[in-house]
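**Student:** Here it is: the structure, laid out below.
Numbering (our numbering), first residue to last: 2 to 136.
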């Protein structure tokens with residue numbers, strides 16, 4: 002890439018804080034996601050993507066970068082256990098202001114089945130709403 006990202010941050014997923022994120026589109030045209038922890042050492046915390054109409058698990062070693070367009074529907078499975086998952090996220094070509102960000106895709110029943118709300122919670126960094134993608 003020859004351009005500068007408009008937003009860079011580190012994302013931490015753990016069983017006690019941010020255990021998962023449901024299927025969503027990013028708020029930029031292009032996203033680079035760099036694994037700062039190895040998927041093999043985690044219980045859960047896998048990066049999933051919808052490719053060709055199927056859910057694909059993207060196993061990644063520490064240091065692996067995944068580059069994708071905002072049109073890629075993706076998620077992170079629930080982290081269970083003591084380890085945490087870390088990613089460095091770089092957003093390029095912003096397509097909507099943070100205030101307008103909403104995660105939409107799955108029904109409440111589907112999300113509750115995949116990610117039971119007994120432990121932890123999810124809050125969108127952009128809009129601050131909890132479990133907004135379930136509505």
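Note that the Cβ used here is the ideal one computed from N, Cα and C, for glycine as well.
Quantities reported herein were computed from a predicted structural model and do not represent experimental measurements.
Can you list, in chain order, the stretches of the alpha helix (DSSP H) that have 4 or more residues and sit fully within the stretch 15-71?
**Tutor:** Within the stretch 15-71, no complete alpha helix (DSSP H) run reaches 4 residues.
**Student:** If residue 40 sits next to residue 61, beta carbons under 8 Å apart, how far is it from one beta carbon to the other, in whole angstroms?
**Tutor:** As a first step, residue 40 must be located in the chain shown, where it is residue number 39. As a first step, residue 61 must be located in the chain shown, where it is residue number 60. Indeed they touch by this definition, with Cβ atoms about 5 Å apart.
**Student:** Quick check on residue 78: buried or exposed, where buried means 16 or more other Cβ atoms within 10 Å of its Cβ?
**Tutor:** Stepping through the chain shown from its first residue, residue 78 is reached at position 77. Answer is buried; the Cβ neighbour count reaches 16.
**Student:** With the cut-off set at 9 Å, would you say residue 37 and residue 91 are in Cβ contact?
**Tutor:** Taking the chain shown and counting its residues from 1, one reaches residue 37 at position 36. Taking the chain shown and counting its residues from 1, one reaches residue 91 at position 90. No, the pair does not count as a contact, with Cβ atoms beyond the cut-off.
**Student:** Going by DSSP, what residues sit across from residue 91 in a beta bridge?
**Tutor:** Residue numbering aside, residue 91 sits at position 90 when the chain shown is read from its first letter. Paired residue(s): 9, 33.
**Student:** Provide the residue span of the beta strand (DSSP E) that contains residue 137, from first to last.
**Tutor:** Outside the displayed span of the chain (2 to 136) sits residue 137, for which this structure offers no information.
**Student:** Rounded to whole angstroms, what is the Cα-Cα separation between residue 18 and residue 83?
**Tutor:** Reading the chain shown from its first residue, position 17 is the one you call residue 18. Reading the chain shown from its first residue, position 82 is the one you call residue 83. So the two alpha carbons sit approximately 11 Å from each other.
**Student:** Determine the burial state of residue 48: buried for a count of at least 16 other Cβ atoms within 10 Å of its Cβ, exposed for fewer.
**Tutor:** Against the chain shown, residue 48 aligns to sequence position 47. Flag for residue 48 reads buried.
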